[in-house]
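The sequence shown begins at 24 in our numbering and counts up by one.
From the three backbone atoms N, C-alpha and C, an ideal C-beta is built for every residue, glycine too.
Here's the structure, in structure tokens; my notes come after.
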Amino acid sequence: MVGFDELKKQKGLRLNDIIEFIRQKHVTYEVEGEMIKNGKDLIFNVLQKSTTAPNTREYIQSYTKCNLHFHTHPQFAIWPSYEDIMLVMKQNLKTSVIVTRMGVWLLKNKGFNNNKSGNLHYEYTKFFNFMNGYARYKLDQEKQLQNISKSELYKIDDNVIESIDIFSKKLSDKIFIRFFPIENNYKNSKSFKEKLSSSKPSHKNKTCNKSMVKIIS
Ligand SMILES: [Zn+2]
24 MVGFDELKKQ KGLRLNDIIE FIRQKHVTYE VEGEMIKNGK DLIFNVLQKS
74 TTAPNTREYI QSYTKCNLHF HTHPQFAIWP SYEDIMLVMK QNLKTSVIVT
124 RMGVWLLKNK GFNNNKSGNL HYEYTKFFNF MNGYARYKLD QEKQLQNISK
174 SELYKIDDNV IESIDIFSKK LSDKIFIRFF PIENNYKNSK SFKEKLSSSK
224 PSHKNKTCNK SMVKIIS
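Right, dumping it as structure tokens:
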């Protein structure tokens with residue numbers, strides 16, 4: 024069992040280390056930090072963890088501004104929050120990476136400050152309700168892990184992939200949003216890294232510092 028303080032001290036963390044960390048049952052919070060490109064490798068520096076809001080939601084009080092920013096979502100909350108999408112649409116972040124137990128999201132601004140959310144909130148709520156139901160089903164599966172293998176637990180059902188695709192396409196005029204499912208072999212992490220390498224920095228600042236952007240994940 025690895026805790027947050029131990030994770031934060033570790034150097035040279037890779038994507039699979041982060042995913043293995045958040046797959047631990049006791050990690051019910053988020054972590055955030057920066058990613059550094061090192062040739063074909065991507066190194067994760069963990070900087071802070073979330074706090075629990077009175078409504079029991081986990082949130083990061085102020086984001087770290089850095090070139091390539093990431094944060095994680097706990098348990099089976101494998102979808103981006105509405106605020107995560109808004110931050111990129113409104114250019115508070117140019118690129119956002121969300122690491123979840125089952126895959127990685129890449130969100131990119133399309134080069135303009137997009138304030139017109141249109142019927143996005145309606146579409147988002149439909150998507151959220153579906154994904155939230157799926158998360159509850161997966162949590163139940165996890166409780167019965169003795170009857171199910173890890174590869175089965177973290178394999179995403181086809182209809183969920185389909186719903187994610189439909190949702191991402193609906194948003195495609197507003198934001199680039201893509202999910203890379205990552206199962207136990209981490210094969211798909213290569214295509215995520217390739218896609219990320221064509222990304223612009225998420226923020227102009229070269230070095231990390233705390234911003235006053237308040238995030239609710
Ligand atoms: Zn989030």
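(message) For Y145 and Y209, what's the separation of their Cα atoms in angstroms?
(response) 33 Å
(message) Give me the residue from L219, S186, T51 and S191 with the minimum Cα distance to P97.
(response) T51
(request) Decide yes or no for the touch test of the region 130 to 138 against the region 101 to 117: beta carbon pairs closer than 8 Å, at least 3 of them. (result) Taking 8 Å as the limit for Cβ pairs, the verdict is that the region 101 to 117 does touch the region 130 to 138.
(message) At the level of alpha carbons, what is the spacing between T148 and R201?
(response) The alpha-carbon atoms of T148 and R201 are separated by roughly 18 Å.
(message) Looking at the secondary structure, which residues open and close the beta strand (DSSP E) in which N155 lies?
(response) Unbroken run through N155 is the alpha helix (DSSP H), L143 to K166; no beta strand (DSSP E).
(request) Return the chain-ordered ranges of every beta strand (DSSP E) run that is complete within the region 169 to 227 and spans a minimum of 3 residues. (result) 198 to 204
(request) Could you check which residue in N39, N152, I45 and L36 has the C-alpha nearest to that of M24? (result) I45
(request) Taking S73 and E57 to be in contact with their CB atoms under 8 Å, please state how far apart those CB atoms are, rounded to whole angstroms. (result) About 16 Å separates the Cβ atoms of S73 and E57, ruling out a contact at the 8 Å cut-off.
(request) Consider the C-beta atom of H92 and the heavy atoms of ligand 1; say whether any pair is separated by less than 7 Å. (result) no
(message) Only counting the same chain, and skipping five residues up and downstream in sequence, which positions put a Cβ closer than 8 Å to that of L176?
(response) For L176, where only same-chain residues beyond five positions count, the Cβ hits under 8 Å are K161, Q164, E165 and L168.
(message) Which residues does DSSP list as the beta-bridge partners of N115?
(response) DSSP lists no partner for N115.
(request) Find out if the Cβ-Cβ distance for the pair T87, L70 is shorter than 8 Å. (result) yes
(request) Would you list the one or two residues that DSSP bridges to F67? (result) L36 and M58
(request) Please determine, among I108, K139, Y105 and F99, the residue with the shortest C-alpha to C-alpha distance to T123. (result) It is F99 whose Cα lies nearest to the Cα of T123.
(message) In this structure, how does DSSP classify E81 when only helix, strand and coil are distinguished?
(response) strand
(message) Rounded to whole angstroms, what is the Cα-Cα separation between K60 and T95?
(response) Here the C-alpha atom of K60 lies approximately 18 Å from the C-alpha atom of T95.
(request) Just grab the DSSP bridge partners of G126 for me. (result) Answer is P204.
(request) Could you please give the first and the last residue of the uninterrupted beta strand (DSSP E) stretch that includes T95? (result) Where T95 is concerned, the enclosing beta strand (DSSP E) stretches over H92 to T95.
(request) May I ask you to list the residues that DSSP assigns as paired with I121? (result) H94 and W128
(request) Look at S212 and I205 and say whether their C-beta atoms are less than 8 Å apart. (result) Yes, they are a contact pair.
(message) I'd like to confirm something about I189: is its beta-carbon nearer than 7 Å to some heavy atom of ligand 1, or not?
(response) No, since every heavy atom of ligand 1 falls outside the 7 Å radius drawn around the Cβ of I189.
(request) Assign K88 to one of three DSSP states: helix, strand, or coil. (result) strand
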